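Protein chains in written order, with our numbering: chain A, 438 to 1108; chain B, 438 to 1108.
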């Protein structure tokens, strides 16, 4: 038996090394799984659940123990140079019940093609709502199958109980890379002989850092997982937020970690809010309050946003003081809302002022909680809201669920400034946390609609500029840590200029490509040169002409099949279509897109209809209290710890802080 | 006449707005040109030439004054709130002779196709070796054709005479973007559950900035122009270094600007050197000493490297104390060397120790000047020097000019550490400036040979790591400003993982693409997982397996036609070839490249055989004295001013500084 076991272990590790496209369970390379896994960090006092699993693969390269998982596994925790204790003893909790289930996975693409899944039987326990208060290194050891162990090394970060920033505003440009920031600057800001006459607001932040965005179990992340890393200090798996992903089927039983707004609420009772040009149920805004392995459980996540976690004992975040965005499908009663209920009604009953358009947004008072849902799905982008406004009529997106268009839409700037006023009023001396997202930088890069993406990047920057001015006006600039960052990238860049007139007049794809000028022939930006009869009224810091003859040669390394003519798309772009006789997820060039252009075949699976996220580190711009801690290169989870330290959330107990007097001062001792 | 003139001016500015692919003369939008142009910055006391041109287009959309340029143009300079003075008066120099010439250009691609050039007659004067010592704003006004003016606003930056850093080491990763740094980290450093177990050395620098790289007259730069901006504080035109580009035919009469090593030599008599894995005559190393509008005048530029500028009175940089690199063609007598002369002999006569291989490099003493030229052209890359070493025998590149291979090659690390020892000895209390370049990050990205590019990025980082350790060992770490940056980017990113086995076994291009896994299916890096029988002996911080089954899906937005199989290329990559019956610059996919892969059609002109530079801002990592000045976002020219300020080169006169006692102390007063 011993010999068999060790042979099987060798087979298992070989198989894991080979099984890259598919994995049995992320963050679980052995047959024993500890979640939070090896290399996890924790804020002192941060709540988390501890999931333990023992796997017994029934078939496949890892088949073991006739598919019988060890139900008598044991687990201990040891503080460095201390003695091992059982989890129940260390945390003073009772032992949970044993759970059992099984799941399927494919070992590689060949197995997927052949439809030969591997079956795994699982024995598991979960300890809920634990916390470690003492900083230091801990080792959790799971023992199973008699002689096997899985070891997780954990670090509980140092204490930081002093509140150094009263307020934190975190701007997230979803998918926003340095490359895109550079391109947006070129579009929106005039340069003379190589010297910019104005700059982006984010260019003017004093401190710059880079954050590494990869997932816990894959080197490319999505926006749920990466937002969750920013908000909790714990990386996770694609599509997950506020949890580590276990192997059970339930989307809502995975081991949770406490988020920044949950911590902030129970520690300082501060106000918090989220603003986005996406659906408010979309990953980046909803991950502040959401705990689920599936970002697609939109309705449930909105319910968690209002009511906090309800299926287990957990921290209440009190509900957002401000929620402004799209995603009406999760609010009007119907298929998209949790249990079909009316969430406009639910929020109103909970004391929220409800706003469904820009007019009423601007009329909101500042003393009540506010919910603003301005359209179904995501917002039409800045370019359609401000330049190609005729496109708005084609949307069937008004916030009560009819097929009419939402025409009275606020922009990110109006939503953010109003959110600040409400949060400032409601937070009072206790301060506030606001996340404001420019969501369609990402969404339009997915669509290869570069101009729409960069327009939304300029809208984000314009919002940041207005925010800095507004904070100054209300006397809160010195008290507010303002951060601008992204959650991941897309492999976008600008590589030259294009004479679109020349391109259009050539008769072959190969000749059309001669219109692309590189190096000295890239020329100068024509987006800042006034053109006769062209006036958008969009003010400074935006292009004065979106449709010049000479445009940018720009694009991505990762593409579906598509056409390129390098001109602005006057209506939202759709690059692929289906072909009669082919599968629905077998995508071909849409011949109606960029009709004057040439075909570019893709570098992604033909089942991808859009561009995808990329690996690159993304920038962090910081201004305000604790700004000096944001320089250099670090992980996305470190942003959580830096913010938490600046807010005095790293505490030696689970007691709330107090704000003495009228200032946002320190509370460094137990009480 | 007045009416005609003003009509013509309107026509001219319209034409310039339209003429993006081709320009009449960069930095000269009017018919009068002032070089240095509007928006130029200067270090106090920095030498420069002032070129004035008046253009009379003979034909084309700008045709003016029957092609007769105004020979009686006038020019003045005014310090803010002062009175206008003539150039001769202000600088106390005599008036130069009038020069006349003409040149041709094309107004756009249609004109180029039709071969209908526009002819421009020019009247010009040039004032040489001027300097402004007093900080402030200046206005230079060129008046011509009776009623026209071209105005240039100049800024002379503040004084900074105190030497704060004894030494400066500037590492340039040519073409190195944040995206590439992220990818190289993934290749060379192991991660467990999303936490890196080691980091790049540059990740550990305390201060991070971004620099904008664009040219003066196009938004994409090349390496000559961008290196020159870093070294002089003046942007220029593609292919130019140490000069602004005028319209005359002569490559060596353009208006010059003084470089960092020229300033450092005459101010502090410090030692300086350059190290590169490119030919030493290549743009990045040669721009320290070179003044030419053509980076391709390799032989002349090497002569300038030894003898300084000889055709005009100018600063002597004294010759490099260390020059280590490739490019033997400019040294052994023959076609590539200046006037066919033997530059090994010339350097030896000037007192240089000459080294032609790694063995003799390591044996060099530290007290003499040293020239090390280790091969013809650029170095074979790190991957060929260290992993696929059999490839070296196929090079015909030994440094005396025969067709034998250069096999005893040093790496960037050996060259850089030796350079530091020599510069430290020779500079003594006066300190030194060293530029060390990882050149083939750029060159291999051009070739779409991603692994070779990233291997050289890891070699650069390994060199930086060894440099920091070596500076510590010789007691110079605290005295040395260490900078790591790039000169421009390529639009590269990683967007997933690839099952290369699956890819190879599919029979159509569309099916092969299904091997690309994105998001959670990107998986984890296999480059840090030991593979049976694979051992390169390249030490930590490099991949342990360059050829795993699961590789990176990576690439560029700007491509020539090519094939992709996402595997390491075991010999250097060549993606395009010519086709019988087609023009020599009409490039098609080379079917021998990536034979298992699929075809990706290009997004560049079919006349491009390789990838091209991109727009993105690039990172600046800083450590040491003055590090705090390198945070945030700024122009590439600002790096020159930050270094010059840290070295006390911004001076109120043209007198040398003195180093009192044995330290590298201050000299803040005139003397």
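Glycine included, each C-beta is placed from N, C-alpha and C at the ideal position.
Just so you know, these numbers come straight off a predicted model, no measurement behind them.
For residue i, the first and last residue of its enclosing beta strand (DSSP E)
i                       : result
residue 587 of chain A  : 585 to 593
residue 999 of chain A  : 999 to 1001
residue 542 of chain B  : 536 to 542
residue 1025 of chain B : 1024 to 1026
residue 709 of chain A  : 708 to 716
residue 872 of chain B  : 869 to 875
residue 669 of chain B  : Premise fails: residue 669 of chain B lies in the alpha helix (DSSP H), 660 to 669, not in any beta strand (DSSP E).
Residue nearest to residue i in terms of C-alpha spacing, selected from the options
i                       : options                        : result
residue 645 of chain B  : A/739, A/1068, A/515, A/1081   : A/1068
residue 465 of chain A  : A/735, A/967, A/569, A/684     : A/684
residue 409 of chain B  : B/596, B/509, B/1036           : The first residue shown for chain B is 438 and the last is 1108, placing residue 409 of chain B beyond what the model contains.
residue 828 of chain A  : A/734, A/836, A/838, A/842     : A/842
residue 721 of chain A  : A/664, A/529, A/748            : A/664
residue 933 of chain B  : A/652, A/614, A/473, A/622     : A/652
residue 590 of chain A  : A/472, A/1057, A/926, A/677    : A/472
residue 499 of chain A  : A/669, A/526, A/556            : A/556
residue 709 of chain B  : B/732, B/733, B/607, B/647     : B/607
residue 813 of chain A  : A/789, A/867, A/844, A/960     : A/844
residue 1006 of chain B : B/1030, B/980, B/915           : B/1030
residue 501 of chain A  : A/774, A/634, A/467            : A/467
residue 871 of chain A  : A/629, A/459, A/918, A/594     : A/918
residue 825 of chain A  : A/913, A/693, A/971            : A/971
residue 984 of chain B  : B/969, B/978, B/997            : B/969
residue 506 of chain A  : A/491, A/594, A/1072           : A/491
residue 658 of chain A  : A/1082, A/1049, A/1096, A/1095 : A/1049
Cβ-Cβ distance between residue i and residue j below 9 Å
i                       : j                      : result
residue 865 of chain B  : residue 604 of chain B : no
residue 878 of chain B  : residue 923 of chain B : yes
residue 823 of chain A  : residue 861 of chain A : no
residue 695 of chain A  : residue 752 of chain A : yes
residue 517 of chain A  : residue 574 of chain A : yes
residue 488 of chain B  : residue 691 of chain B : yes
residue 769 of chain B  : residue 739 of chain B : no
residue 1010 of chain B : residue 881 of chain B : yes
residue 883 of chain A  : residue 815 of chain A : no
residue 937 of chain B  : residue 903 of chain B : no
residue 1019 of chain A : residue 667 of chain A : no
Unbroken alpha helix (DSSP H) run spanning residue i, endpoints
i                      : result
residue 722 of chain B : 720 to 723
residue 524 of chain A : 524 to 528
residue 488 of chain B : Note, residue 488 of chain B: premise wrong, no alpha helix (DSSP H); beta strand (DSSP E) at 485 to 494.
residue 858 of chain B : 849 to 864
Beta-carbon neighbours of residue i, restricted to chain C and to distances below 7 Å
i                      : result
residue 656 of chain A : Any reference to chain C falls outside this structure, whose protein chains are A and B.
Integer-rounded CB distance, given that residue j should sit under 8 Å from residue i
i                       : j                       : result
residue 1052 of chain A : residue 619 of chain B  : 5 Å
residue 820 of chain A  : residue 900 of chain A  : That belief does not hold up - the Cβ atoms of residue 820 of chain A and residue 900 of chain A are roughly 15 Å apart, past 8 Å.
residue 458 of chain A  : residue 958 of chain B  : 5 Å
residue 1040 of chain B : residue 1037 of chain A : 6 Å
Residue i CB to nearest heavy atom of the ligand ATP below 8 Å
i                       : result
residue 1040 of chain A : Absence of the ligand ATP from the depicted structure is noted, as is the absence of any ligand whatsoever, leaving it without description.
Please list the residues of the stretch 467 to 488 of chain B that have a C-beta atom closer than 7 Å to any C-beta atom in chain A, keeping them in chain order. 474, 475, 476
Residues, ordered as in the chain, of the stretch 907 to 933 of chain A that lie near chain B by beta-carbon distance below 8 Å: 926, 927, 928, 929, 930, 931, 932, 933
Residues, ordered as in the chain, of the stretch 661 to 688 of chain B that lie near chain A by beta-carbon distance below 7 Å: 672, 674, 675
Check each residue of the stretch 601 to 633 of chain A: if its Cβ is closer than 8 Å to any Cβ of chain B, include it; give the result in chain order. 614, 615, 616, 618, 619, 620, 622, 623, 628, 629, 630, 631, 632, 633
Residues of the stretch 835 to 855 of chain B in Cβ contact with chain A at a cutoff of 9 Å, in chain order, please. none
Using a Cβ-Cβ cut-off of less than 9 Å, give me the residues of the stretch 644 to 655 of chain B that come near chain A, in sequence order. 644, 645, 646, 647, 649, 650, 651, 652, 653, 654, 655
Against chain B: residues of the stretch 1024 to 1038 of chain A by CB proximity under 9 Å: 1035, 1036, 1037, 1038
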